[in-house]
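Engineer: The following block contains the structure, expressed as structure tokens.
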Amino acid sequence: MSGFREPGFSDRQKAAQEARKNLLNKFKSQPGPDDPAVLAKRAEREALAAKRAEAKAAREAEKAEQKRLEEEAKAAEAARIAREAEEAIAKAAEAEAEQKARRDARYAARKAKRK
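Residue 210 is where the sequence shown starts when you use our numbering, and the numbers rise one by one after that.
Quick look at the structure:
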């Protein structure tokens, strides 16, 4: 068995040149920007991007509609709470007026008894 032979300067230079040549050939073998396959891929990507943008716009519109409905529900709930509070205040005032009327009637009855 022969041992490992360390590559010399010329071997390394040849290997680098081969690598550059392979890279250049790989780049040259790729289709150009006006190739039908490249154009088809680009059109496909653009269609996909447009579809994504459409879906995003639809999601945003749906979110906006949902937010509007939530705001309407919150406003209706706030109006209901305010109405209930007003009704409670009116009931309390009515009960207080009724109590005052009964108290005044009792007071008037006591006064009438004394006379």
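For each residue, glycine too, the CB sits at the ideal point set by N, CA and C.
Note that the coordinates shown come from a computational prediction; the quantities given were computed from them, not determined experimentally.
Could you tell me the alpha carbon to alpha carbon distance between F236 and D244, rounded to whole angstroms?
Structural biologist: On the sequence shown, residue 236 is found 27 positions in, with the first residue counted as 1. On the sequence shown, residue 244 is found 35 positions in, with the first residue counted as 1. Going from the Cα of F236 to the Cα of D244 covers about 15 angstroms.
Engineer: K239 lies in the alpha helix (DSSP H); which residues open and close that run?
Structural biologist: Residue numbering aside, residue 239 sits at position 30 when the sequence shown is read from its first letter. A small correction: the amino acid at residue 239 is Gln; Lys does not occupy that position in the sequence shown. That residue, Q239, is in no alpha helix (DSSP H); it is neither H nor E in DSSP.
Engineer: In angstroms with no decimal places, state the Cα-to-Cα distance between A297 and A259.
Structural biologist: What you label residue 297 is simply residue 88 of the sequence shown in a count that begins at 1. What you label residue 259 is simply residue 50 of the sequence shown in a count that begins at 1. Using only the alpha carbons, I get a separation of about 56 angstroms.
Engineer: Let me know the secondary structure DSSP gives S211 once reduced to three states.
Structural biologist: Translated into the one-based positions of the sequence shown, residue 211 becomes position 2. Of the three classes helix, strand and coil, the one that applies to S211 here is coil, per DSSP.
Engineer: Quick test of your reading: P240 and A246, contact by CB under 8 angstroms. State the CB separation rounded to the nearest angstrom.
Structural biologist: Residue 240 sits at position 31 when you count from the first residue of the sequence shown. Residue 246 sits at position 37 when you count from the first residue of the sequence shown. The pair is a contact, with the Cβ atoms about 6 angstroms apart (cut-off 8 angstroms).
Engineer: Could you tell me the distance, in whole angstroms, from the CA atom of P242 to the CA atom of A252?
Structural biologist: Position 33 of the sequence shown, counting from 1, holds the residue named residue 242. Position 43 of the sequence shown, counting from 1, holds the residue named residue 252. Straight-line Cα distance between these residues: approximately 12 angstroms.
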